[in-house]
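Here the sequence shown stands for residues -26 to -1, 1 to 512, numbered as in mature numbering (1 follows the signal peptide of the UniProt record, and there is no 0).
We put the beta carbon where it would ideally sit given N, CA and C, even for glycine.
The structure presented is a predicted model; accordingly, all values stated were derived computationally and were not measured.
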Amino acid sequence: MAGRSMWRATTRLLVATTALGGGAAAATIASSDDPAMALKLCTNVPLRLYRDSVTAATIAFDYEYSLWGLPEGSAERAKAKHEVHMRGARRLEELCFRNGGIYIKLGQHLGQLEYLVPEEYVCIMRESMLNKCPHSSYDQVHEVIKKELGGAPDEIFDEFDPVPIASASLAQVHVARMHDGQKVAVKVQHTHMTDTAAADYATVELIVNTLHQFFPSFDYRWLVAEVRESLPKELDFLVEAKNSVRCMDNFRKLSPRIADYIYVPRVYWNLSTSRLLTMEYMEAAQVNDLKSIQRFGIQPSDVVNLVSETFAEMMFKHGFVHCDPHAANLLVRPLPSGRRSIFGRRKPQLILLDHGLYKELDYNTRINYAALWKALVYSDADGIKENCVKLGAGDDLYALFAGILTMRPWNKVIDSSVDHLVVKGTDSDRSELQMYASQYFPQITELLRRLPRVILLMLKTNDCLRAVNGSLIQGPSLESFLIIGRVSSEAVLESMLLQKRSLFSWINFWIQKILLEGRLCVMHIAVWLLQLQKALTL
């Protein structure tokens, strides 16, 4: 019976995707700047549709029959489930690479859904979608540069390295030198991304919707909707350039205390278009390159704290957030104006790259999100519930939302100990998180349906930052949570002052500010004592 149902679902999926794909292909040809090339590209649409449908059906069949008859909770089922997860992840990885573009972008998103998809998918997608993206050929790069800037690479630049130093889902980066000797990084969009994006998106949307119809627990429609909204902006590199300028302006105006520790590469506007971006080349280490960071004389814990503070300021004070902070987009170098301490240490400067994916939080969302994190850090159960409800989680799923944000079960979220939010990275912790995700999968799916997409992007950003920080230090990062608590509390206090501009509100603001500093001081002492206790037990 299950087999017939699966076969009917697969047949309908193949027929529907072929029909829709033909329509998407026709629309793509009609709207393309280069109809002849678009026609050539769209001849591949049926093949891509076939790959999509067969991969989806194969993964579904594999789960259905590999787990058939195996009792829940048995060792045999656990082993079989791990193996089928691995096969499914590899098949999905192969599909993303063969189709490219939007598929790799979706794969990157899946790699950050630690609270929703199996660990096997998270590990494989994180490793491959960020570090093994396919390259465009030099002929294709030559074509884009000539079309966008009116000349060949060796005419526009004094030197141009044909081998890219990095490649991502939408573009790749080449090192070049301008005629005045300035070294630059040239980001070149993969050829005809704008032509294939519409057809690819329509195909993926249909497959996800069809699978959801037959398997209601498979509901990733929100993810497809997010890609649909963000992809056109990411494909316009002038939007990215403007985002980078606004980002740095925000730090100078709203976070001057750390502005010198943040850097965004300069954009060369005369050599930039919607499909090509020329920027200042940065001599720096990737944020997860532990050896290089230590060679600079920088403490990894200082980098973790700077990353935490940077994104806390964006989320809680700027309301304009870089939503793709994976390791390849964050570089570290010694602070140019800084000197070594007497112990030979240097302060870090964080360099932010790839400003294509930003989200704006409106005032109420920003303050409610800040108030939620304040409550989480200080174990305020009532505050957690109140702000989760305000953000859309509802009275029934607020504890689950808090658990997803912190990757901790509710009893630890409201624990009064200073390190209650720390995920220690042990096998038992990872096992607990996976069990949590598996046990509450239907509720998590419902929660993701309820939450605004901007909050879903904040969840993705949190997951990226958690992975970055985990690559730098082993064990808990208590200081980063204190930083989040301080910045979120400051944002809430500042909002209180703005709402009521009176002498009383001003006095109340400073009383609360003093109480906050006292509370943070006590927590810092507690953290120091925990660290001392740990050192003495080694």
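Can you give me the C-alpha to C-alpha distance between residue i and residue j, rounded to a whole angstrom?
i	j	result
GLY399	ARG340	A caution first: GLY399 carries a pLDDT of 49, below 50, which makes its placement in the model unreliable, though a value can still be read off. So the alpha carbons of these two residues sit roughly 29 Å apart.
ASN224	ARG51	52 Å
LYS55	VAL162	41 Å
LEU421	ALA172	29 Å
GLY74	VAL158	27 Å
MET(-21)	LEU41	Caution is warranted here: a pLDDT of 45 is assigned to MET(-21), below 50, making its placement in the model unreliable, and the coordinate value is therefore given only provisionally. Rounded to the nearest angstrom, the two C-alpha atoms are 15 Å apart.
SER275	ALA215	30 Å
PRO416	ASP193	10 Å
GLU68	PRO45	31 Å
PRO310	ILE232	14 Å
residue 517	HIS59	Residue 517 falls outside the range modelled here, since the chain spans only -26 to 512, and no answer is possible.
ARG314	ILE267	14 Å
PRO239	LEU326	8 Å
TRP196	ASP174	16 Å
residue 530	HIS300	Here the chain comprises residues numbered -26 to 512, so residue 530 is not present and cannot be evaluated.
HIS186	ILE130	50 Å
LYS227	VAL396	32 Å
LEU365	ASN385	21 Å
CYS438	GLU38	32 Å
LEU90	PRO308	37 Å
ALA500	LEU506	10 Å
THR511	TRP502	14 Å
VAL496	MET167	53 Å
Which one or two residues does DSSP pair with residue i in a beta bridge?
i	result
THR247	LEU250
PRO322	PRO308
SER141	GLN146
THR294	Per the sequence presented here, residue 294 reads as Phe, with Thr not at that position. Bridge partners of PHE294: GLU334.
ALA259	VAL306
ARG151	GLU133, LYS157
VAL496	According to DSSP, which records beta bridges pairwise, VAL496 is partnered with nothing at all.
GLN163	ALA145
ALA236	Correcting the residue identity first, residue 236 is Ile in this sequence and not Ala. Its beta-bridge partners are LEU324.
ILE272	ARG320
VAL198	Paired residue(s): none; VAL198 is not in a bridge.
What is the C-beta distance between residue i and residue j, in whole angstroms, given that I count them as a contact (C-beta under 8 Å)?
i	j	result
GLU283	ILE457	5 Å
TYR237	GLN156	Not a contact, Cβ separation roughly 17 Å.
ASN217	HIS329	4 Å
PRO127	HIS116	6 Å
VAL281	VAL442	6 Å
ASN262	SER445	4 Å
LEU350	THR380	6 Å
LEU494	ARG460	6 Å
GLN114	THR170	So it is not a contact: roughly 13 Å between Cβ atoms.
Is it true that the CB of residue j sits closer than 7 Å to the CB of residue i?
i	j	result
ALA302	LEU104	yes
ILE358	ALA344	no
SER462	VAL278	no
ASP135	ARG151	no
PHE285	SER248	no
LEU452	ASP356	no
PRO138	HIS148	yes
residue 513	GLU200	Residue 513 lies beyond the stretch modelled for the chain, which goes from -26 to 512, so this question has no answer here.
residue 562	THR177	Outside the modelled stretch of the chain, which goes from -26 to 512, sits residue 562, for which no answer is possible.
SER229	GLU179	no
PHE483	LEU472	no
ARG65	THR29	yes
Just checking: is the beta-carbon of residue i within a distance shorter than 7 Å of some beta-carbon in chain D?
i	result
VAL281	Of the protein chains in the structure, only one exists, and it is not chain D.
The segment 323 to 337 contacting the segment 287 to 298, beta-carbon criterion three pairs below 8 Å: yes
Quick one: any contact between the segment 90 to 104 and the segment 116 to 127, if contact means 3 or more CB pairs under 8 Å? no
The segment 454 to 469 touching the segment 426 to 434, judged by at least three CB pairs closer than 8 Å: no
Do the segment 361 to 372 and the segment 239 to 259 meet, that is, are 3 or more Cβ pairs less than 8 Å apart? no
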